[in-house]
Amino acid sequence: MKAVTFQDIGSVAVLETPEPEILESTDAIVRVTRCAICGSDLHLYHGDIPMMPGDTCGHEFTGIIEDTGSSTTLKRGQRVVGTFHTACGACNACQRGEYHLCSSGAVFGYGPIYGSLNGSQAEFARVPHADVNLRLIPDDLADEAALFTGDILTTAFGAVKNAKVGVGSSVAIIGCGPVGIMAIQSALALGATRVYAIDLLEERLHLASSLGAVTINGSSTDPVGQILALTNGEGVDAVIEAVGGPRTILLAFEMVRPGGHIAAVGITAAQTFEYPLMQSLMKDVTFRIGLANIHRDIDQTLELVRTGKIDPTIVISHRMALSDAAEGYKLFDSRVASKVILIP
Ligand SMILES: [Zn+2]
Ligand SMILES: [Zn+2]
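Here the numbering used here is used: position 297 in the sequence shown is 298, and no number is missing along the way.
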């Protein structure tokens, strides 16, 4: 089968690789119908996260069940969306509902640190614990609409939930890449009445504005001053940091109101940062950072997409054949493409 393989830093290639086989009775083999290049794939592409040459990339995918182990309840021919990280469903963390902390969890196509599980930018993917890590796509939902519930949509939605956004909330979203755009839609779907979108790129802010967010261009204005001016000097109930890194996390502390919540969802290469202890103490801020718990929220996001409350497909800029993946990575890495879908 054809698969997108990591070759070297800045280089992927579509090569013939062996088709996956059922290894455990809980496995399923999925014939991939849609897969995406994720912002986090660029960490592999840049060599920030180690990959072995020849490893298959990718962790956002939908497909059709091709084959199943003897103990799954899934049936050949069913349409499914995969969660980007896997969970066993049985360990202590999974029993607590903390699927992202599963003791045997892995991330598809994310190298040896994340469980050496083959990726899903391929014609077929093996899914361990298939009953836990796949969701049926509702009949009235296209694969492409369901695709991001397995990663970026539910990642953003989970952060918005973690920041306690609800009916009437005011929310600032720092960073309007695909995850930030999903966070805007999630906040509105959960009842937020004022959403402020901050970015440096006008075209991203344009999309944010079309969703109903008040936009702030951080390259031409001081975003903290703007947020305070728009909230009577108080700050917002919640901030979603969707860039990654100390600088934007510290901005979040500046613009959150006393008693407010910050959820950081951007992936950062920084190991530490200088935590604003006194500010956090005086403002009684709750700061949360952690990997996304897709399994906790995916049923809710699938329903929000099915009922039209969220349209995740608006971030797609390029649809390409799987065989053109190397070009897709280049376009995505250079920001010519905002989101690339690969079609096997
Ligand atoms: Zn991802
Ligand atoms: Zn587990």
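All C-beta atoms, glycine included, are put in the ideal place defined by N, C-alpha and C.
Source: prediction; values computed, not measured.
Nonlocal neighbours in the same chain, by C-beta distance under 8 Å from residue i, ignoring five residues either side
i: E328; result: M321
i: T69; result: I23, D28, A29, I30, L75, K76, R77 and A131
i: Q79; result: I65, I66 and L137
Chain-order list of residues whose beta-carbon lies under 6 Å from that of residue i (same chain, five-residue window excluded)
i: G116; result: A107
i: S318; result: A338, S339 and K340
i: V166; result: V172, A188, L191, A193 and A239
i: L142; result: R307
i: T249; result: I175 and E242
i: A271; result: G246 and P247
Cβ shell of residue i (< 7 Å), same chain only, five flanking positions each side left out
i: C92; result: C103, S104 and S105
i: D9; result: P54
i: F125; result: M2, E20, P21, I30, V31, R32, V33 and E67
Whole-Å CB distance - residue i paired with residue j, under 8 Å assumed
i: T266; j: I241; result: Before going further, note that residue 266 is Val rather than Thr in the sequence given. About 6 Å separates the two Cβ atoms, so the contact holds.
i: Q347; j: I311; result: In the structure as shown, the chain begins at 2 and stops at 345. Residue 347 is therefore absent and cannot be evaluated.
i: V15; j: V31; result: The pair is not a contact, with the Cβ atoms about 18 Å apart (cut-off 8 Å).
i: G112; j: L43; result: Contact doesn't hold; Cβ gap of about 13 Å is too wide.
i: G181; j: A264; result: So it is not a contact: roughly 12 Å between Cβ atoms.
i: N119; j: T57; result: 5 Å
i: I342; j: R35; result: 6 Å
i: H262; j: A88; result: So it is not a contact: roughly 26 Å between Cβ atoms.
i: L201; j: S220; result: 4 Å
DSSP state of residue i mapped onto helix, strand, coil
i: S171; result: strand
i: L118; result: strand
i: D285; result: coil
i: G151; result: helix
i: V31; result: strand
i: H44; result: helix
i: E22; result: coil
i: N218; result: strand
i: D312; result: coil
i: H319; result: strand
i: R77; result: coil
i: I10; result: coil
i: I65; result: strand
i: R136; result: strand
i: K3; result: strand
Closer than 5 Å is what we want: which residues have a beta carbon that near any heavy atom of ligand 2? List them in chain order.
Every residue passing the under-5 Å Cβ criterion appears here: A88, C89, C92, C95 and C103.
So, do the segment 254-264 and the segment 218-233 have three or more beta carbon pairs nearer to each other than 8 Å?
These segments touch.
Would you say the segment 297-315 touches the segment 269-277, given that touching needs at least three Cβ pairs under 8 Å?
no
Can you list, in chain order, every residue whose CB sits closer than 5 Å to a heavy atom of ligand 1?
C39, S41 and D152
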